[in-house]
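Going down the list, the sequences are from chains Z and V.
Position 644, counted from 1, in the first sequence is what the working numbering calls 644; the numbers after and before it change by one each time, with no gaps.
Heads up, the working numbering is the position in the second sequence plus 1000, with the first residue counted as 1.
Built from N, CA and C at the ideal position, the CB exists for glycine as well.
What follows is a set of notes on a single structure, which appears directly below.
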Amino acid sequence: MGESKQEWDRLLYLIPFLAVVPYLIIQGESSTDWAWLIVAVPFIIFPIIAIAGQIWNGHDTWVNRFKEGGIIALGALGLSLSAGLWLIYDYLTTQPSLRFTPDPWSWLSFDVLTYDGEGWSVAASGFDFFGLGLYLDPLSIMLLFVATFLCFLICWFAVGYMTTDSINDNSNHRFFAEFVLFSIGMFGMVLADNFLWLFIFWEIMGLCSYLLIGFYYWKKSAAYAAKKAFLTTRVGDVFLLIGLLMLYDIYGSLDFSVVFDDPSTGVGGAVVSAAKLQTALLMLFIGAIGKSAQFPLHVWLPDAMEGPTPVSALIHAATMVNAGLYLVARMVPFVDVANGGVAGMEDLGLIVAWIGGITAFMAAAIAFVQNDIKKVLAYSTMSQLAYIFTGLGAALWLFNTGNHEAGALVFGGALFHLFNHAMAKGMLFMASGSVIHEVHHAHDYLHHEGDDSEHDHASHHDFDAQDMRNMGGLASKMPVTATAMMLGSMSIIGIPLIGGFWSKEVIIGKTWYAYFHGADALLGPALLILATAGMTGFYMSRMWFMTFAGEPRNELVEHVHEATPWIKTPLIVLSIMTALGGFGLAVYGAVEFLSAEADYLSLHGHTLLEQIIHEVEHAFLPEDMQLRYVGWVTILLAFIIGPIMAARIYGGALKEGEQAIPLVHWLTSLSGKFGSQNVDDLANSELAEALQQRLYFDDLYEGILARTIVPFAAFAAWFDANVIDGAIKQIESKSVLGSIQIRRVTTGSARDYILMAAIGTLSIFALIWGVNA
Amino acid sequence: MEVLLPEMILVVSVVLAILVPNIGDAKFRIPLTRVRVPIFVGGTRLKGTSDPRLPALISITAFSLAMFFSFFGVSADSSAVEIGGVLAVNSFSRMMSFVFYAALLLAAVAANYRLPARPSARAPRERDSAAQAERLVRSLMDNRRQVDFHILLMMVGLGMSLMAMASNLFFMFVAIELASLASYILVAFHKEEAVGGEAGAKYFIVGSVASATGIYGMSLVYLWAGDLDFDALAASWAAMDGYDPLAVIGLGLMLVAFGFKVSAAPFHLAAPDAYAGASSPVAGVLATASKAMGFVALLRVLLHVAMPDEGEAIWFVLLALIAIVTMTWGNLAALTSENPKRMLAYSSVAHAGYMLAALAAVGSGLGDDSTTRLVLVAIIFHLSVLVLFKLGAFLVLGLLEIEGRSHRLEDLHGLAHRDPLVAGSMFIFMLSLAGVPPLAGFLSKLLMINGIINISAGTGSTSADAIVPWAESVDPVFWLAVAIVLNSALSLFYYLRIALVMFFETPESTKPLRRATHLRNSIVTLAFLTLAFGIGSGADFLLELVQNAVSAF
């Protein structure tokens, strides 16, 4: 008790950070004026953590008081969160008309030369786009909340998770500094009012993703994974940059306020060609594919799980991977013909939807055979993001064909799914982290109790704390984690009334709607995501049952228990958020709000009960009969067939005598009631093997790279070493020779100096005479 | 006369520095009587006046006050005050004297550690060992020479400040000589070291030749115009039909004198020797304040007097060539300098070349009033911020010099391990000298290049769609900017080498640096200011100040 009280004392350090925003509110300041705090505070804090960590590395106070910088990081993110909430509150209550706040400050303003078609002229103060402004609309508000809220909670989790593992000792400041740097990228990208800044922050995130995946850089696999993630996303980023240049070419600016003002008119009043714009947007979409790990640039995400679990939770599940979705969502003004967009870009929506459908199905299939708890979640992330892409694709198609109303609905639904997924997946990863952490500790405990023989050491290294085959029956040991994981899985599966159900239903329904209304090419994605709904039900249930239900498959399960409060608190907060948040927000019109159809989150003039009935009716009994069938098939697949199959194969009641808390106990006992099924034949089939090998995509890419890029890289290395370095070395040696020659003139004798001065004087006159003669 | 308050303070302080350490209990016996009248000068010194730290205190106080009041002179209403027809006090001259005083103040602070005053020093006794005795004698000598050093510093300040105000060629020459003569002695101040005396003598000889050449030029100019007032000279120059040989030869000879002051090639050769021989604070003053003084003189003569209303100035090609030779020579020579002080000296030559290039661009006559102003702002801004990072770098060397080491690159090895803060500051100074954003050195270099480009704007043929015909059609002024950029690239090599050895080499001794609180604080403050004046509101503030000053030029 005393120990944990001391732990909470650390939170006192947060008070100065958290007091800033209330103070500003009391002073009557405006939230938009202070929005820069959201990005600026982490920007100041991250070098402080990095430097202080280097200086006081291993120092007692630094480790115990400041948790190696974790407390400072938490404070900075808390300040960002409070400033973000203030901004969101103001937006939701008083400033719904505030779409643009171009408030650029410029770093340097000086004259620049411009070419006006006839000659060069000096234009006053250039470099305008260096200004960093704020762009607020429902989309950025929602993502701002997701980013600030999850950054704070996951940092909280990380304080408990990272500092209690001896492998991290004395390097946590690196973790927290990079974590905070990442948050700058995320916050900045969400708030930026300019595609260029968006790109800059996007790259900051990419860098942090690389650094954090490779946090255990001495592990070969982690270093490899970091490299893989960086290079794969880089492919997308190159295309993104090309897309931005094309956009700049079309509009002469990358400012949202300029570009979105009238997307059909380019620079100098030119009419924008749909083909050209569509190519530019497709380039941006390739960038989004890379960032959000979609087919065919999906290969990096599963390997990215080499990073510490909080990183997986924050960057590779809840925030950064959403950047691609955000970018695609930002394309809506271009295609929305009802609001001045450019017609004739239906193909864009179809391509987005197809990529989404393929990724959703493929990732779900691979998730069937994964035994690593984090890998299951990684594939699930991929699959769920693909859902959102499918929804956005359908929305883009509907917008571009003039069906604004339906497009807005599926657009809002897709963004709502982004929100629900971020909350649930962030929590699932933290819960998996909790499991891994405790299994690992139990393992350490078991093997340190016995004698420290060589054999034990060997087994220590072979042991994989993330392998679900070492778990089972944990429900009674880890009540909070089990509950959190259950609610998160339900949300992802789309169990009616919980979290993701409300948004997933909209996406599937509206994609089918688009198919019924003329988009024949959307049949494929529509079928794929419908099937994926059932598959999601299977693999998420499988993960839960393998981890928490049935009899323990390893002796160490006996020694597992939930320990530090740092880990439990965020799980509880997010459990409530996931269980009730989706429903609550749906009732308050989140879909309409996110699609910018409604200015406020509100009940639209109904009473709460009326609105609840309306939403439930709308979800289960839509007026369109076709959609009603689609909805019921979805529920049947996701809620009934998938989970029951998983329960038959992997489910089972807990061991005799073990008692879990009622919240999860019903599920473990229920899972044992469906009988059991042996799937060994299936598990040994070629299909399972292919899935195990991730459908051979990694092998394919590596094969292609080995034949193309690697020889080219070898040539580039040779060129660099000989031609470029050779040239530089030539310059250097010649300069040094010149230097030695020229220094000979400085003889050290005053006589020679005066001689030189005399020569100089004569030269002056020779020159003046020569020039004027 | 209150506009001359800073100079008054300096004059009074010089007198005080002479008198106060001599105040004692001396009495004068009226002859043939037994009446003794206390005259207070001489005799046994009082406890307060015998303190050897007193001269430093006086000079630091005087420079601080002078700097303070100068600053008010810059920001005050820029209406000029004429005094006696030879001095014009306005915000330009106040800006310059502010810069001079700042540099000298820092030198005075730093000199406290190079030339330490020890109140407890005493004569050696019989039983003291030889080494101990020598140390005691040296500290007694240092104590005695405190007054000389600080009086010379104040004379330098006085001369420089008066020079910035001079509105008459002759008075300007006198003021320059006042500052120069004092600085020759300062260079040779450590006469025990052979290198110090030699450097001082060389600097003096070459400097005298340059001064003589200059004053000969002035006399020719006087022959030609019959006046030495700048305004009158400018009027004569404008009214001149063709080029009068007397005027042109006079101008050329003056260029030699001022070229020596700014260490332009080929008159710079004595500078590296002088910097290397002088103690670091003095070398820092030579590289910043003394150079600024030379540039003010050049600006006065070239822009005020010898600049035609339109068309190319006679000195344009000449100055452009000197600029390019100077910067290339400086950078090339710095490349292989193993003595950090010499390296800084050559880097200072290169910087002079950059500023001369900007000045030459004005001489092309392509610009208009606003571009000329732009270049002037750039030069004055550069001269002002040089005090931060060039003098800062010399102060770091001064910190090492306390141990008697700073003339080899090895002395900088592993400085980061011995004192991370000082090494970090040195790194900032080096980056700023190289012109890396967002430091002050970047901003000033950017302003200069921007000015040159603006002047050459519109000269390139716009119809040329390939780079080669365009490059052929653009005015030569443009290539000055290219020369600056190429030279900057070259200079990065030796600036970053300093950083390399500071951070990655193992130090020769692991002892922490000698404690020098004020010096260390000054260095860190300068590093901070280098950053602050490079970006954001700090840069805006200084730029506004400089613009205000330039509008009074």
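For Ala-1088 of chain V, the three-state secondary structure derived from DSSP is strand. Under the criterion of beta carbons closer than 8 Å, Ser-80 of chain Z and Thr-148 of chain Z qualify as touching, at roughly 5 Å.
Scanning the region 610-662 of chain Z from its first residue to its last, the whole alpha helix (DSSP H) runs of 4-plus residues come out as 625-635, 642-650. A check of alpha carbon separations from Ala-317 of chain Z across Z:Ile-612, Z:Thr-381, Z:Thr-668 identifies Z:Thr-381 as the nearest. Going by DSSP, Arg-1036 of chain V is part of no alpha helix (DSSP H) but of the beta strand (DSSP E) stretching over 1036-1038. Beta-bridge annotation (DSSP): Lys-1027 of chain V is paired with V:Pro-1038. With a threshold of 16 other beta carbon atoms within 10 Å, Gly-357 of chain Z meets it and is buried. In the displayed model, Ala-1516 of chain V falls within coil according to three-state DSSP, outside both helix and strand.
Taking CB atoms only, Tyr-753 of chain Z has a neighbour in chain V less than 8 Å away. Neighbourhood of Val-1256 of chain V in chain Z, by CB distance below 8 Å: Ala-757, Gly-760, Thr-761, Ile-764, in chain order. In the structure shown, Ala-293 of chain Z falls within a coil segment according to DSSP collapsed to helix, strand and coil. Against chain V, a Cβ distance below 9 Å from Arg-744 of chain Z picks out nothing, because the smallest value is about 10 Å.
At the C-beta level, Val-1422 of chain V and Val-1396 of chain V come within 8 Å of one another. Here the region 479-497 of chain Z makes contact with the region 652-672 of chain Z; the two share three or more CB pairs at distances below 8 Å. Looking only at V:Met-1355, V:Leu-1105, V:Ala-1166, V:Met-1095, the smallest Cα-Cα distance to His-1304 of chain V is reached by V:Ala-1166.
Around the beta carbon of Gln-27 of chain Z, a 10 Å sphere encloses fewer than 16 other beta carbons of the protein chains shown; the residue is thus reported as exposed. Here the region 401-412 of chain Z does not lie against the region 731-750 of chain Z, with fewer than 3 beta-carbon pairs under 8 Å apart. Beta-bridge pairing by DSSP links Glu-1082 of chain V to V:Ala-1088. Within a 10 Å sphere around the beta-carbon of Pro-22 of chain Z sit fewer than 16 other beta-carbons, which makes this residue exposed.
Following the DSSP letters along the chain, one finds Ile-1449 of chain V inside the alpha helix (DSSP H) bounded by residues 1440-1456.
Annotation: the region 1252-1315 of chain V contains the following complete segments of the alpha helix (DSSP H) (minimum length 4 residues), in chain order: 1270-1277, 1280-1285, 1291-1298.
Exposure of Pro-1308 of chain V is indicated by the presence of fewer than 16 other C-beta atoms within 10 angstroms of its C-beta. Chain V places a beta carbon closer than 8 Å to that of Ile-768 of chain Z, counting this residue as a contact. Excluding its 5 nearest sequence neighbours in each direction, Met-1502 of chain V has C-beta neighbours in its own chain below 8 Å: Leu-1412, His-1413, Gly-1414, Leu-1415, Ala-1416, Ala-1423, Met-1426, Phe-1427, listed in chain order. The beta carbons of Phe-1553 of chain V and Phe-1092 of chain V sit about 5 Å from each other, so the pair counts as a contact at 8 Å. Relative to Leu-1223 of chain V, the option among V:Asp-1369, V:Val-1248, V:Ile-1453 whose CA is nearest is V:Val-1248. Under the three-state reduction of DSSP, Asp-255 of chain Z is assigned to strand.
At least one CB atom of chain V sits nearer than 8 Å to the CB of Ser-735 of chain Z. When only Cα atoms are considered, Asn-722 of chain Z and Phe-712 of chain Z end up about 15 Å apart.
Under DSSP, the beta-bridge partners assigned to Ala-1166 of chain V are V:Leu-1087. In this structure, the beta-carbon distance from Lys-1445 of chain V to Ser-1473 of chain V does not fall below 8 Å.
The shortest CA-to-CA distance from Ala-1238 of chain V to any of V:Gly-1311, V:Gly-1259, V:Ala-1199, V:Lys-1191 is the one to V:Gly-1311. Taking a C-beta distance under 8 Å as the contact criterion, Ala-1117 of chain V and Arg-1029 of chain V do not qualify as a contact pair. Straight-line spacing of the CA atoms in Leu-1513 of chain V and Pro-479 of chain Z works out to 59 Å. When secondary structure is reduced to three states using DSSP, Asn-1487 of chain V falls in the helix class. Sorting V:Ala-1289, V:Arg-1114, V:Met-1293 by C-alpha distance to the C-alpha of Phe-1173 of chain V places V:Met-1293 at the top.
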